[in-house]
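Note that this note's numbering has the sequence shown beginning at -5, numbered continuously upward. Backbone N, C-alpha and C define an ideal beta-carbon position, used for all residues, glycine too. Keep in mind it's a predicted model, so treat the numbers as computed, not measured. Below is one structure, written out as structure tokens; the observations come after it.
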Amino acid sequence: MQLKTKIDGVEVHFPLTGERLKIGRGGDNDVVLSDFSVSRAHALVFREQDAWAVRDLGSTNGIRLNGAPVEEARLSDGDVITIGAFELEADLGGEPVTERSGTGTLATGIQPVANATIVRSLADFTAQYGLEGGVIASAETTHREGVDAGRIVGFLTRLAAALLQADSVDQVLERVMAVAFEALSVERGFILLQDEAGEVRCQLARFGKVTEVRPQREIPVSKTILDTIMVERVALLTFDAMSDQRWERGESIRIHQIRAAMSVPLWSGERIIGVMQVDSPARVGSFDQRDLDFLTAVANYAAVAVERLHYAERVELERAWRGRLERYHSPAVIEEVMRRGEAAESATKLRAAEVTVLFADLVGFTALAEQLPPEDLAEILEGFFTFAEEAIFAAGGTLDKFIGDCVMAFFGAPMEQADHAFRGVKAATQLLDQVDRWNHRRRDLAQPPLVVRVAVNSGPVVVGDIGSNRRVDYTVLGNTVNVAARLEEQAAAGGEIVIGSETQRLLAGRIPTQALDEIRLRGLRLAVRPHRVVRDVV
């Protein structure tokens, strides 16, 4: 049960926990309303049997209950008491008062508004200070009574400079906490960030002069307060959480002896990425509304800096992913991986898959190597590998490796491709067409023609990063690969594309083929029946 009002746009709560609550302008009241429309001793809210009542204390302007003047009246849930320029709503929870504690004043003995809670929504905060985009633009937003405004300007200026130089999230949090401790009368501080799973975890704690990064011990942050901030998007100041009715169900508040505390969201625009809390467990009433606004501004600085670093990390990680993927995949496949939000580590993780494997090599290259100078051989290999890469990437395939004068590729990974067999054969056809055109140009230059043979086979494999601690390659393993290699060596003639029986089945007649005689491949127990792709020679 409590009285609620708004002061300077901030919602303030006054719990009804004792026998009486004296309201007025004077400093000896339990609730101090600093306005000349309020008398020094204006009104008294008190227990009357099992209910609450309000009484005028001979004030100049009197009191009103739901708009009607009264001298004394019982209160019901939702009643509005008008005292001078203030309206206080009675929040009695719809239940009668059954407990009594203390006499004469609040049970806690706390003086003016010492056990109230200030609830400050981010919407009110940004509206009051005219912020655009949720970024603090002026030190005026954090001016505090009793503190030289120049010091606040200095705090925020130094903080902004420090955050620009910070190159890690830990540095950001440490510098933000240092400013809070320098500017405010606090003894403990905690910063919690929300991870990708939505869990809020403590990233930094400070006890006096001791700072702990990702502390292992239990931290004195109430889940009740934490949930309130994250869900309701508010900043909270409690003068004494131990006696504040708003948190009476927060068991951790009592366990951790949380007294005067401020808890604010780490906010950047519409995003809330965490919570910052500072407190003074030994004292009550240590903070005021301007302290809360100052800490809210500091938390905004922190959130913007953290988001900046996270963005830079994501950009660098994406650059590394692209560099990793570009070794094997076409630009189209890379864009699809990135569009789906898959990291290279995820896209290249070892797994089972159904793919089509392609092997292609130059026939008679060993003999050419004996006849031609090294620079001519290098030119031939460069041309052949370029044609192979273009054909493989055009079909959305993955370039596995170059082995001497041989090219290995596969289709159907890292992205699943239902038509991987068709893609593999199309890539093989394009490669041979390119070599045929190249030979026309070579003949015009009186250069010997080059002959390429290709084999394509489909089936189950294990695909992913395979290698040692120092060298890892993205490749495929399994009998499907072995069969493809043997078909290229034993069944394919120069200028031909030979495919396995599973590849021929998956083509479903889309590309014409011709059955060949059954053959027993070296190193394999079972015989296979390959097929030759019927193609028009360029």
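Starting from P16, follow its DSSP beta bridges and name the residues at the other end.
Note on residue identity: the sequence assigns Lys, not Pro, to residue 16. Beta-bridge pairing links K16 to L38.
Proximal residues to A479 (C-beta, below 6 Å), its chain only, five neighbours per side dropped:
F353
In or out: V70 buried (at least 16 other Cβ within 10 Å) or exposed?
Position check: residue 70 holds Ser in this sequence, whereas Val was assumed. The residue in question, S70, is exposed, as its Cβ has fewer than 16 Cβ neighbours within 10 Å.
CB-CB under 6 Å to G453, same chain, minus the five flanking residues each way: which ones, in chain order?
T474, E496
What did DSSP end up calling V567 once you bin it into helix, strand or coil?
Lying before the first or after the last residue shown, residue 567 is absent from the chain, which here runs from -5 to 532.
Check the Cβ-Cβ distances between V419 and every residue of chain B, and say whether any is below 9 Å.
Absent from the structure: chain B. Only one protein chain is present.
Would you call Y305 buried or exposed, if buried means 16 or more other Cβ atoms sit within 10 Å of its Cβ?
exposed
What number of angstroms, rounded off, separates the C-alpha of D44 from the C-alpha of R14?
13 Å
Can you check the region 145 to 214 for any alpha helix (DSSP H) of at least 4 residues that lies completely inside it and give the ranges in chain order?
163 to 177
Whose CA, out of G78, R514, V4, A385, lies closest to the CA of N55?
G78
Let's test the definition: count the other Cβ atoms within 10 Å of the Cβ of N294 and tell me whether it reaches 16, buried, or not, exposed.
buried
Of the listed residues T423, Q424, V429, nearest to E376 (C-alpha basis)
V429
Taking the alpha carbon of E212 as the point to measure from, which residue in T222, D511, R200 has its own alpha carbon closest?
R200
Do the CB positions of A487 and P524 come within less than 9 Å of each other?
no
Using the beta-carbon count (16 or more within 10 Å), is E490 buried or exposed?
buried
Rank T423, C196, I219 by C-alpha distance to the C-alpha of T507 and give the top, closest one.
T423
Residues in its own chain within less than 7 Å of V528 by CB, not counting five upstream and five downstream?
P506, T507, Q508
Buried or exposed by the 16-neighbour rule on C-beta atoms within 10 Å, applied to G61
exposed
Can you list the alpha helix (DSSP H) stretches of 4 or more residues lying completely in the region 397 to 478, in chain order?
414 to 438
Which residue from P9, I513, P214, F184 puts its Cα closest to that of V207?
F184
Smallest Cα separation from L116: which of R499, R431, W261?
W261
Would you decide whether D511 is buried or exposed? Buried here means 16 or more other CB atoms lie within 10 Å of its CB.
exposed
According to DSSP, simplified to helix, strand and coil, what is I130?
Any reading at I130 must be qualified, since the residue scores a pLDDT of 42, below 50, and its modelled position is unreliable; the value itself is stated next. Coil, per DSSP.
Excluding the 5 residues preceding and the 5 following Q498 in the sequence, name in chain order all residues of the same chain whose CB lies nearer than 6 Å to its CB.
T507, H525
Own chain residues within Cβ distance below 6 Å of T99, not counting five before or after:
Its pLDDT being 26, under 50, T99 is placed unreliably by the model, and nothing is read from it.
When the Cβ atoms of the region 438 to 447 are set against those of the region 345 to 359, are three or more pairs found closer than 8 Å?
yes
Collapsed DSSP secondary structure at A502 in the structure displayed:
coil
Quick check on DSSP: helix, strand or coil for V300?
helix
Sorted by chain position, which residues of the same chain lie with C-beta nearer than 8 Å to D142's C-beta, five sequence neighbours on each side aside?
The predicted position of D142 is uncertain, since its pLDDT is 46 and thus under 50; a value taken from the coordinates is nonetheless stated next. Closer than 8 Å at Cβ, skipping near neighbours: no residue.
Under three-state DSSP, which class holds E490?
coil
Over what stretch of residues does the beta strand (DSSP E) that includes P9 continue unbroken?
4 to 9
Kindly indicate the opening and closing residues of the alpha helix (DSSP H) around P368.
368 to 388
Within the continuous beta strand (DSSP E) that includes F80, where are the two ends?
80 to 85
Tell me which residues share the same chain as D50 and place their Cβ nearer than 8 Å to its Cβ, disregarding the 5 neighbours each side in the sequence.
H36, A37, G56, I57, V64, E65, E66
Contact under 9 Å by Cβ, T392 with A403:
yes
What separation, rounded to the nearest whole angstrom, lies between the Cα atoms of P367 and R437?
19 Å
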